[in-house]
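Going left to right, the sequence shown walks through residues 1 to 178 as full-length UniProt numbering numbers them. By construction, the Cβ of each residue, glycine as well, lies at the ideal position given by its N, Cα and C atoms. This one's a predicted model, so the numbers in the text were calculated from it and none came from an experiment. Read the structure below first, then the notes.
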Amino acid sequence: MRSSLFLRNRPSYRQLSSVVSRCFCTGEKWGSVWSFGDNTNGALGLPAPLSDAYEPTKVPELPSNITQVAAGHYHSLAVTSEGEVWAWGRNDEGQLGRCTDSPRNSWCKPERVRGLEGVEVRSVSASGVTSSVIGKYGSVWVWGRSKRGQLGLGWDVIEAKSPSKVKSLMGHDIDKVC
Numbered sequence: 001m002r003s004s005l006f007l008r009n010r011p012s013y014r015q016l017s018s019v020v021s022r023c024f025c026t027g028e029k030w031g032s033v034w035s036f037g038d039n040t041n042g043a044l045g046l047p048a049p050l051s052d053a054y055e056p057t058k059v060p061e062l063p064s065n066i067t068q069v070a071a072g073h074y075h076s077l078a079v080t081s082e083g084e085v086w087a088w089g090r091n092d093e094g095q096l097g098r099c100t101d102s103p104r105n106s107w108c109k110p111e112r113v114r115g116l117e118g119v120e121v122r123s124v125s126a127s128g129v130t131s132s133v134i135g136k137y138g139s140v141w142v143w144g145r146s147k148r149g150q151l152g153l154g155w156d157v158i159e160a161k162s163p164s165k166v167k168s169l170m171g172h173d174i175d176k177v178c
């Protein structure tokens, strides 16, 4: 179950994105991210061996200019005001956009997603085993595991370990990926 709430905080609105077991929010200082809830697989971005956070805790090692956060089942994404994407949490299916054989204890550390250089990312979305972004002009980029076609890259693609452009959507100005 996914929900989005918008919190008023002058001079602009801030988005809070959550999944049943985790919650993220931006506030107080522009661009800081706070998390609480279930830290299974490092999905809160808090240092191991912390298992759960019962109060909002600032996510360390993220840039100070985060504009949006998305929470999947066991991984999370954030986008900066410059359009850089950061990922952390479970990476069994490549949903972090980095090598799947990275040590499990490193999953909680937010790292920049490579392969999106030159793409001005305007939004991020995280699902069970996939991640996606929408570029400034509506391009869609995806990565992770495609068990049932979730990536939209064709029937023969079952995994993308780095961001791949969904070419069949070229020419369309996509607003939202869920």
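### Start-to-end residues for the beta strand (DSSP E) that takes in residue 159
Within the sequence shown, residue 159 is the residue found at index 159, counting from 1. Segment 159-165, the beta strand (DSSP E) holding residue 159.
### Task
Measure the beta-carbon distance from residue 115 to residue 95 and round it to whole angstroms, keeping in mind my assumption that it falls under 8 Å.
By 1-based counting over the sequence shown, the position of residue 115 is 115. By 1-based counting over the sequence shown, the position of residue 95 is 95. Not really, about 13 Å apart at Cβ, beyond 8 Å.
### Message
Once the 5 residues before and after residue 169 are set aside, which same chain residues still bring their CB inside 6 Å of it?
### Response
Counted from its first residue, the sequence shown places residue 169 at position 169. Correct list, in chain order: 140.
### Query
Are the beta-carbon atoms belonging to residue 145 and residue 129 less than 8 Å from one another?
Here residue 145 is taken as the residue at index 145 of the sequence shown, counted from 1. Here residue 129 is taken as the residue at index 129 of the sequence shown, counted from 1. Yes, they are a contact pair.
### Task
Would you kindly work out how many angstroms separate the C-alpha atoms of residue 14 and residue 67, rounded to a whole number?
Here residue 14 refers to the residue found at position 14 when the sequence shown is read from its first residue. Here residue 67 refers to the residue found at position 67 when the sequence shown is read from its first residue. Per-residue confidence for residue 14 stands at a pLDDT of 49, beneath the threshold of 50, marking its modelled position as unreliable; no derived number is given.
### Task
Put residue 114 into one of helix, strand or coil per three-state DSSP.
Sequence index remark: in the sequence shown, residue 114 carries index 114 (1-based). Three-state DSSP puts residue 114 in coil, outside helix and strand.
### Query
Name the DSSP bridge partner or partners of residue 77?
Here residue 77 corresponds to residue number 77 of the sequence shown, with the count starting at 1. According to DSSP, residue 77 bridges with 70 and 87.
### Query
Would you say the region 84-92 touches the region 149-156, given that touching needs at least three Cβ pairs under 8 Å?
no
### Task
Identify every residue that forms a DSSP beta bridge with residue 131.
Your numbering for residue 131 matches position 131 in the sequence shown. According to DSSP, residue 131 bridges with 126 and 143.
### Where residue 75 falls, given that 16 or more other Cβ within 10 Å makes a residue buried
Counting from 1 along the sequence shown, the entry for residue 75 is found at position 75. So residue 75 counts as buried.
### Task
Flag this pair as yes or no: are the beta carbons of residue 127 and residue 134 separated by less than 8 Å?
By 1-based counting over the sequence shown, the position of residue 127 is 127. By 1-based counting over the sequence shown, the position of residue 134 is 134. No, these two residues do not count as a Cβ contact at 8 Å.
### Task
Determine the closest residue to residue 78 out of 57, 52, 103 and 111, with distance taken between C-alpha atoms.
Counted from its first residue, the sequence shown places residue 78 at position 78. When each option's Cα is compared against that of residue 78, the closest is 111.
### Query
According to the neighbour-count rule (16 or more other Cβ atoms, all chains shown, within 10 Å of its Cβ), is residue 6 buried or exposed?
Against the sequence shown, residue 6 aligns to sequence position 6. Note on residue 6: pLDDT 39, under 50, position unreliable in the model; no value is reported.
### Where residue 152 falls: helix, strand or coil (DSSP)
By one-based count along the sequence shown, residue 152 stands at place 152. If DSSP states are grouped into helix, strand and coil, residue 152 belongs with coil.
### Message
By the DSSP assignment, the beta strand (DSSP E) with residue 38 in it spans what residues?
### Response
Here residue 38 refers to the residue found at position 38 of the sequence shown. From DSSP, the beta strand (DSSP E) with residue 38 extends over 32-38.
### Sequence-distant residues of its chain with Cβ nearer than 6 Å to residue 59 (five each side left out)
Taking the first residue of the sequence shown as 1, we reach residue 59 at position 59. Closer than 6 Å at Cβ, skipping near neighbours: 33, 35 and 45.
### Task
Mark residue 113 as exposed unless 16 or more other C-beta atoms lie within 10 angstroms of its C-beta, in which case mark it buried.
Here residue 113 is taken as the residue at index 113 of the sequence shown, counted from 1. Buried: at least 16 other Cβ atoms inside 10 Å.
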